[in-house]
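Under the numbering used here, the residues of the sequence shown are numbered 237 to 520, in order.
Note that the Cβ used here is the ideal one computed from N, Cα and C, for glycine as well.
What follows is a set of notes on a single structure, which appears directly below.
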Amino acid sequence: MKVLITGANGMLAKAVIAHCRSIGDDVAAFSRDQLDISEIEQIREIFRRERPQAVLNCAAFTDVDGAERNVEKCFAANSTGVENLAVGSKEIDCAFATISTDYVFGGAKSGFYTQRDTPEPLASVYSRSKLDGEFRAKKAYARSIVIRSGWIFGSAGTNFLSVMHKLLADGRSINVIGDSFGTPTFAGDLAKRMRELVELDLPTVFHVVNSGEGTSYAGFAEAVCEIGGFDPDLLNVVKSDSLSRPAPRPKSSKLACLFTEKFGLAQLPFWKTALAEFIHSETN
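Quick look at the structure:
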């Protein structure tokens, strides 16, 4: 399959590129410098030249707190840009998948959020921009596949989950939140599922996370210590409201998918199994 991947310098995009190439896809990958998705004419030019059979959008503004002071940039990437890619995909009649977030939910639910739950994001710029991107994609192109995920970690990642093991390996003490919960997702597993979904070409909303009951940041950190052999005394468990962060986060944003088994797809590996694969790949 000829696939076009946006946001090529990002953690998830790198995993998607590697997976697609490993299965023999013809991959055209573009960084933001090469393709600004907020510019529809750039998209049209590149799409007409490349003629992909599927577009996998990994471009996003992911700095949750930074979004509060960069509203236009955030919406340009997460909303307008997603709509532009959907329009461009429709014009060349190809499959289109885009990544959304668990932050479209408010966090008051104690169990898993599924596709039956109505998105009600907290008042953060990031969460509102991602939900707006979902709406715009589906309105612009009925063939759009929206993939909600969260707590993504992986190689080349710069977020806290992805660098936690490095900090602990250096003997650094870290604060970990004990009262905020989610479903960790290994970028390598998300990449494989994203590719499977464009192959199925089923226009709907999917929740893609590693299996298990989810965890807190503290629970994730404890697993990192257990797997990597790091000192658990380096973990300082704190409450989320003790941190001064500009953007609000949901207390619990655990996701589960109603469609995985119905469409013949296997559950993704248990999150601790995926975490072990990640840490071992980083340390060997």
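As assigned by DSSP and simplified to three states, the class of residue i
| i | result |
| --- | --- |
| Arg384 | strand |
| Asp262 | strand |
| Phe506 | strand |
| Ala331 | strand |
| Leu521 | Residue 521 lies beyond the range of the chain shown here (237 to 520); nothing can be said about it. |
| Leu358 | coil |
| Leu494 | coil |
| Leu240 | strand |
| Val473 | strand |
| Phe466 | coil |
| Val441 | strand |
| Ser489 | coil |
| Thr451 | strand |
| Tyr377 | coil |
| Ser365 | helix |
| Thr337 | strand |
Residues of its chain near residue i, where Cβ-Cβ distance is below 6 Å and the 5 sequence neighbours each way are ignored
| i | result |
| --- | --- |
| Asn293 | Thr242, Leu321 and Thr334 |
| Leu404 | Phe466 and Leu470 |
| Arg429 | Val444 |
Rounded C-alpha distance that separates residue i from residue j
| i | j | result |
| --- | --- | --- |
| Phe396 | Ile388 | 10 Å |
| Leu367 | Pro355 | 8 Å |
| Ala264 | Asp329 | 17 Å |
| Lys375 | Glu458 | 42 Å |
| Ile279 | Asn306 | 23 Å |
| Phe417 | Val473 | 13 Å |
| Met237 | Ile463 | 37 Å |
| Leu494 | Ser267 | 33 Å |
| Lys326 | Ser409 | 49 Å |
| Ser391 | Phe514 | 7 Å |
| Ser488 | Gln351 | 16 Å |
| Thr394 | Lys490 | 22 Å |
| Gly455 | Leu248 | 23 Å |
| Ser452 | Cys310 | 27 Å |
| Val361 | Val300 | 8 Å |
Buried or exposed by the 16-neighbour rule on C-beta atoms within 10 Å, applied to residue i
| i | result |
| --- | --- |
| Phe499 | exposed |
| Val340 | buried |
| Gly246 | buried |
| Asn520 | exposed |
| Glu281 | exposed |
| Arg481 | exposed |
| Asp425 | buried |
Same chain only: Cβ atoms within 8 Å of residue i, ignoring 5 sequence neighbours per side
| i | result |
| --- | --- |
| Cys461 | Leu404, Asp467, Pro468, Leu470 and Leu471 |
| Glu286 | Lys238, Leu240 and Ala264 |
7 Å CB neighbourhood of residue i in its chain, flanking five on each side removed
| i | result |
| --- | --- |
| Leu436 | Phe499 |
| Ala244 | Ile253, Ala265, Phe266 and Ser267 |
| Ala378 | Pro439 |
| Ala296 | Gly243, Ala313, Asn314 and Ile335 |
Runs of 3 residues minimum, wholly inside the stretch 389-429: which ones carry the beta strand (DSSP E) assignment? Listed in chain order, they are 410-413.
Enumerated in chain order, which unbroken segments of the alpha helix (DSSP H) with a length of 4 residues or greater are wholly contained in the stretch 275-326? If you keep only unbroken alpha helix (DSSP H) runs of at least 4 residues inside the stretch 275-326, you get 276-286 and 307-311.
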